[in-house]
Amino acid sequence: MKIEKKPLLNVALLSLITCRVYVIYWITVTTKDINSYMENEYISPTLACILSIITCGLFDIYWFYKYGNIVFNDMYKKADIDSYGENAFVLVLFFLIPFGYIYSVVTLQSKLNIIYDKIDIINDANS
Numbered sequence: 006m007k008i009e010k011k012p013l014l015n016v017a018l019l020s021l022i023t024c025r026v027y028v029i030y031w032i033t034v035t036t037k038d039i040n041s042y043m044e045n046e047y048i049s050p051t052l053a054c055i056l057s058i059i060t061c062g063l064f065d066i067y068w069f070y071k072y073g074n075i076v077f078n079d080m081y082k083k084a085d086i087d088s089y090g091e092n093a094f095v096l097v098l099f100f101l102i103p104f105g106y107i108y109s110v111v112t113l114q115s116k117l118n119i120i121y122d123k124i125d126i127i128n129d130a131n132s
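What follows is the structure in structure tokens.
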């Protein structure tokens with residue numbers, strides 16, 4: 006399984022420049038990556054995209070809570086990384102304030118990049 010890391014600056018700038026359109030794309034791709042890594046389809050990436058568009062971003066609040074918990078709890082455990090008490094609720098709070106969604110997206114992508122680095126190290130050691 007090869008999951009690509011995303012540069013944080015690119016994620017932040019694209020989220021801002023596209024007025025959150027990139028966030029919908031990012032949620033779709035990230036949903037697919039997390040489902041693939043966890044070997045469990047929590048929600049279909051296509052459904053996540055459609056709900057995000059139909060609800061004008063309200064679904065994104067639920068998504069950040071649900072997938073934030075998956076990243077901070079389940080993915081960290083699977084990658085054997087300590088979560089240091091990180092909480093998905095903070096992502097939701099920042100998502101609610103203007104331009105706070107950039108913090109939420111960049112923070113979650115940062116955590117995913119750490120996990121992806123750990124996966125690459127483990128895969129290289131097993132090769």
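Oh and the sequence shown: position 37 is 42 in the working numbering, straight run, nothing missing. Note that the Cβ used here is the ideal one computed from N, Cα and C, for glycine as well. Everything numeric in this text was worked out from a predicted model, so none of it was measured.
Within 10 angstroms of the Cβ of residue i, are there 16 or more other Cβ atoms? Answer buried if so, exposed if not.
i      : result
Asp85  : exposed
Ser115 : exposed
Ile39  : buried
Tyr121 : buried
Asp65  : buried
Thr23  : exposed
Ala36  : First, the residue type needs correcting, since residue 36 is Thr and not Ala in the sequence shown. Burial call: buried.
Are residue i and residue j close, meaning C-beta to C-beta below 7 angstroms?
i      : j      : result
Ala93  : Phe104 : no
Ser41  : Phe69  : no
Val111 : Ala17  : yes
Which residue from the options puts its Cα closest to that of residue i?
i     : options                        : result
Ile58 : Ile39, Tyr27, Thr35 and Leu117 : Tyr27
Thr51 : Gly62, Thr60 and Tyr30         : Tyr30
Asp79 : Phe64, Asn45 and Tyr67         : Asn45
Leu14 : Lys82, Lys37, Tyr47 and Asn118 : Asn118
Phe99 : Ala130, Lys83, Tyr67 and Ile48 : Tyr67
Met43 : Gly62, Tyr81 and Asp129        : Tyr81
What is the rounded straight-line gap between the Cα of residue i and the Cα of residue j?
i      : j      : result
Ile32  : Tyr72  : 10 angstroms
Leu21  : Ile107 : 7 angstroms
Leu113 : Leu96  : 8 angstroms
Leu19  : Lys10  : 15 angstroms
Gly90  : Val34  : 26 angstroms
Arg25  : Ile126 : 33 angstroms
Ile75  : Asp87  : 14 angstroms
Leu56  : Tyr47  : 14 angstroms
Lys167 : Ile102 : Since the first and last residues shown for the chain are 6 and 132, residue 167 lies out of range.
Gly62  : Asp129 : 38 angstroms
Lys83  : Thr60  : 32 angstroms
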